[in-house]
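Undergrad:
Residue numbers (this note's numbering): 1195 to 1360.
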């Protein structure tokens, strides 16, 4: 009797946690808190997703389009540089208003959760990673926030903006 009750409770808990388990399916232990994601191939973008190509290199980020329609947008990011980079996406009317740390990087934990859409975590030079974001109309910033000592990728120019329209 206890076994059935325990099993049923476990099954209900597992069913209720399915979304969390899906969200946690990454190699990074802090993936849910930091909105990180493992590297997915461009071919894994869901059907009906608007594709935007992103080029990251020392010291710039370039988008194939800086204006897109609201909905599912798949960013296909290629690290064309020689160093590891990452790609963060946040809602920001003006990138100058982001919470900057003393070294010139963005203090990610100070960005409201509602404005933090997520990221593609650090990925190696020569690698292409993709991620889909559900974007609503507004202004956004995309940047690489890696800081190696006094060398802050964002501070050196790895930031761009884009607009999502209705």
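All C-beta atoms, glycine included, are put in the ideal place defined by N, C-alpha and C.
If we count the other Cβ atoms within 10 Å of its Cβ and call it buried at 16 or more, is residue 1359 buried or exposed?
TA: By one-based count along the chain shown, residue 1359 stands at place 165. Residue 1359 comes out exposed.
Undergrad: Can you tell which of 1335, 1313 and 1327 has the C-alpha that lies nearest to the C-alpha of residue 1239?
TA: For the purposes of this step, residue 1239 is taken as the residue at position 45 of the chain shown. Of the candidates 1335, 1313 and 1327, the one whose C-alpha sits nearest the C-alpha of residue 1239 is 1327.
Undergrad: Going by CA-CA distance only, name the one from 1323, 1298, 1309 and 1355 that's closest to residue 1268.
TA: In the chain shown, residue 1268 corresponds to position 74, counting from 1. Residue 1268 has its Cα closest to that of 1323, out of 1323, 1298, 1309 and 1355.
Undergrad: Ordered along the chain, which non-local residues of its own chain (more than five positions away) have a Cβ less than 8 Å from that of residue 1297?
TA: The sequence position of residue 1297 within the chain shown is 103, counting from 1. These residues qualify, in order along the chain: 1341, 1344, 1346 and 1349.
Undergrad: Under a three-way DSSP split, which group does residue 1346 fall into?
TA: Counting from 1 along the chain shown, the entry for residue 1346 is found at position 152. Looking at residue 1346 - three-state DSSP - the assignment turns out to be strand.
Undergrad: Would residue 1283 and residue 1305 qualify as a contact pair, given that the criterion is a beta-carbon distance under 8 Å?
TA: In the chain shown, residue 1283 corresponds to position 89, counting from 1. In the chain shown, residue 1305 corresponds to position 111, counting from 1. No, the Cβ-Cβ distance between residue 1283 and residue 1305 is not below 8 Å.
Undergrad: Where residue 1218 and residue 1273 are concerned, what is the direct C-alpha to C-alpha distance, given to the nearest angstrom?
TA: Start at 1 with the first residue of the chain shown, and residue 1218 comes out as number 24. Start at 1 with the first residue of the chain shown, and residue 1273 comes out as number 79. Confidence in residue 1218 is poor, its pLDDT being 26 and thus under 50, which makes the residue's placement unreliable; the coordinate value appears in the next sentence. Rounded to whole angstroms, residue 1218 to residue 1273 spans 25 Å at the Cα level.
Undergrad: Confirm the yes/no value for this check: CB of residue 1315, any heavy atom of the ligand NAP, distance under 7 Å.
TA: The ligand NAP is not part of the structure shown, which contains no ligands of any sort.
Undergrad: Does DSSP put residue 1318 in a helix, a strand or coil?
TA: As a position in the chain shown, residue 1318 is number 124, starting the count at 1. Coil at residue 1318, not helix or strand.
Undergrad: Under three-state DSSP, which class holds residue 1252?
TA: As a first step, residue 1252 is located in the chain shown; it is residue number 58 there, counting from the start. The answer is coil: DSSP assigns residue 1252 none of H, G, I, E or B.
Undergrad: Whole angstroms is fine: what's the gap from residue 1167's alpha carbon to residue 1280's?
TA: Any property of residue 1167 remains undetermined from this structure, which presents the chain solely from 1195 to 1360.
Undergrad: In the DSSP assignment, the beta strand (DSSP E) including residue 1294 goes from what residue to what residue?
TA: Here the question's residue 1294 lines up with position 100 in the chain shown. Where residue 1294 is concerned, there is no enclosing beta strand (DSSP E), given that its DSSP letter is neither H nor E.
Undergrad: Taking its Cβ as the centre, do 16 or more other Cβ atoms sit within 10 Å of residue 1339, making it buried, or is it exposed?
TA: Residue mapping note: residue 1339 aligns to position 145 of the chain shown, counting from 1. Residue 1339 is buried by the Cβ-count criterion.
Undergrad: Answer with buried or exposed for residue 1235, where buried requires no fewer than 16 other C-beta atoms within 10 angstroms of its C-beta.
TA: Position 41 of the chain shown, counted from the start, is the residue given in the question as residue 1235. Looking at its Cβ environment, which holds fewer than 16 other Cβ atoms inside 10 Å, residue 1235 is exposed.
Undergrad: Give the C-beta separation of residue 1335 and residue 1353 to the nearest angstrom, bearing in mind that I take them to be a contact with Cβ-Cβ under 8 Å.
TA: Here residue 1335 is taken as the residue at index 141 of the chain shown, counted from 1. Here residue 1353 is taken as the residue at index 159 of the chain shown, counted from 1. With a Cβ gap of about 6 Å, residue 1335 and residue 1353 count as contacting.
Undergrad: Would you check if the distance between the CB atom of residue 1248 and the CB atom of residue 1257 is smaller than 8 Å?
TA: On the chain shown, residue 1248 is found 54 positions in, with the first residue counted as 1. On the chain shown, residue 1257 is found 63 positions in, with the first residue counted as 1. Yes, these two residues count as a Cβ contact at 8 Å.
Undergrad: In angstroms with no decimal places, state the Cα-to-Cα distance between residue 1261 and residue 1357.
TA: Sequence index remark: in the chain shown, residue 1261 carries index 67 (1-based). Sequence index remark: in the chain shown, residue 1357 carries index 163 (1-based). Distance between the alpha carbons of residue 1261 and residue 1357 is about 5 Å.
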